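All residue numbers for the sequence shown refer to the numbering used here, where the first residue is 97 and numbers rise by one. Data first, discussion second: the structure below is written as structure tokens.
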Amino acid sequence: MAWARKTDEAEKVWAREAVDSWARTARFSQPLNWGEAEAAVLDRDYPPLPGMFVLKLVGVVALGILALIAAPFYGAAVIGFVLVALAPAQSTGAEGLLWLARLAFGLAILMVGLGLSTWWGTRRRSALGVATAAVTAIGAGAAYVLVLILDLPEMAWLAALALVAAILGTVHLVLELVSKPEGGAKNRKPPPRGPRGSGRRLRAGKARDRLLEILIQRRLVKVDEGDRIRLREMPLGYWSELDGLDEREWRRVLEYRHVGWREFDASDKQVR
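Okay, here's the thing in structure tokens:
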């Protein structure tokens with residue numbers, strides 16, 4: 097938390113240094129043209145924010161840890177196949193590997209069941225759902241064939257678990273592939289404008305926030321605290337939709353969070 101507060105303060109200092117030098121003396125039309133004011137921010141090139149390297153490094157490490165944690169769950173069928181393939185070559189410990197393989201296929205069945213439950217609730221295709229189903233179907237199917245080839249009596253339960261996992265994985269994969277892709281909620285959000293890349297958008301968002309503070313300090317606009325927060329939350333590149341509106345339309349855009357008749361939320365400013 098102390099690091100986060102320190103980073104936030106450093107970003108505020110950065111924004112003041114990057115924006116104040118020109119925004120305090122720049123000529124803005126009166127009444128203010130919101131689109132032109134925002135364009136003055138988005139057209140400029142800004143250096144990286146303080147702490148961005150550390151933030152990216154933490155993100156990469158966190159992503160790696162999450163991947164390591166998730167791999168045994170989403171790749172359980174492949175792990176089970178590997179254990180089955182290794183078992184015959186072991187003079188000792190083969191039974192332990194087969195026991196772990198049964199556990200892996202049981203976990204694979206549980207995961208594919210959760211995937212089917214998620215699909216049932218949305219009836220939409222997701223990249224994660226397709227990947228999980230494909231991995232389960234292929235890994236469990238290959239393991240089932242291998243168990244039949246080895247034809248060992250102690251593998252009866254293992255064969256049953258692998259077969260169930262393969263069937264469920266195949267059913268899940270087929271349902272995912274014949275479903276419409278996800279995106280219903282995203283399609284209601286406005287398309288991105290302004291700079292591309294999360295780093296550039298983050299810097300532009302910080303600079304626009306500082307510009308708004310200067311506009312208020314210079315008394316070029318009169319907005320209350322609630323509208324100031326809503327203006328900061330608007331997606332980048334959409335201030336122009338505030339120009340030429342009467343009071344009722346202004347309320348519709350800011351209070352009902354509609355730009356271009358599409359919904360936006362506080363996260364839209366920094367996404368993509």
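Just so you know, even glycine gets a beta-carbon here, dropped at the ideal spot from N, CA and C. All of these numbers come straight from a predicted model, not from anything done at the bench.
Would you tell me roughly how many angstroms separate the C-alpha atoms of residue i and residue j, rounded to the nearest one?
i: Val270; j: Arg221; result: 10 Å
i: Leu128; j: Gly265; result: 58 Å
i: Gln366; j: Pro331; result: Because the pLDDT of Gln366 is 49, which lies under 50, any placement of that residue in the model is unreliable, and the number read from its coordinates should be weighed accordingly. If I take the Cα positions, the gap works out to 8 Å.
i: Leu307; j: Phe124; result: 12 Å
i: Asp320; j: Ala262; result: 60 Å
i: Ala190; j: Val208; result: 27 Å
i: Trp357; j: Glu309; result: 27 Å
i: Ser275; j: Leu206; result: 22 Å
i: Pro143; j: Val156; result: 21 Å
i: Ala258; j: Gly202; result: 8 Å
i: Thr218; j: Val109; result: 45 Å
i: Arg347; j: Arg324; result: 13 Å
For residue i, collect the residues of the same chain with a Cβ closer than 8 Å to its Cβ; drop the 5 residues on either side in sequence, then sort them by chain order.
i: Leu194; result: Leu179, Val180, Ala183, Glu250, Met251, Leu254
i: Gly171; result: Val231, Gly235
i: Leu242; result: Phe177, Val180, Ala181
Please classify residue i: is it buried, with 16 or more other beta-carbons within 10 angstroms of its beta-carbon, or exposed?
i: Glu134; result: buried
i: Leu210; result: exposed
i: Arg299; result: buried
i: Leu153; result: exposed
i: Lys318; result: exposed
i: Gly192; result: exposed
i: Arg297; result: buried
Excluding sequence positions up to five away, which residues of its chain have a Cβ less than 7 Å from the Cβ of residue i?
i: Arg353; result: Glu359, Phe360, Asp361
i: Gly131; result: Trp335, Ser336, Asp339
i: Ala204; result: Ala172, Ala173, Gly176, Thr232, Ala236, Ala261
i: Leu246; result: Pro184
i: Val229; result: One detail in the question is off: residue 229 reads as Ala in this sequence, not Val. These residues qualify, in order along the chain: Val208, Gly211, Gly265, His268, Leu269, Glu272.
Return helix, strand or coil for residue i, following the three-state DSSP convention.
i: Val355; result: strand
i: Arg306; result: helix
i: Lys108; result: helix
i: Arg221; result: strand
i: Pro277; result: strand
i: Lys318; result: coil
i: Ala122; result: coil
i: Lys285; result: coil
i: Phe360; result: coil
i: Pro168; result: helix
i: Arg368; result: Here Arg368 scores only 38 on pLDDT, less than 50, and its place in the model should not be relied on; the value that follows carries that caveat. In the structure shown, Arg368 sits in coil (DSSP, three-state: anything other than H, G, I, E or B).
i: Tyr240; result: helix
i: Thr214; result: helix
i: Gly160; result: helix
i: Thr228; result: helix
Taking 6 Å as the limit between beta carbons, can you name the residues of its chain near residue i, skipping five residues before and five after?
i: Phe177; result: Gly235, Ala238, Ala239
> Can at least three beta-carbon pairs, one atom from the region 189-208 and one from the region 121-141, be found at a separation below 8 Å?
Replying inline: no
>> Taking 8 Å as the cut-off, does the region 287-295 touch the region 319-334 (at least 3 CB pairs, one atom from each stretch)?
In response: yes
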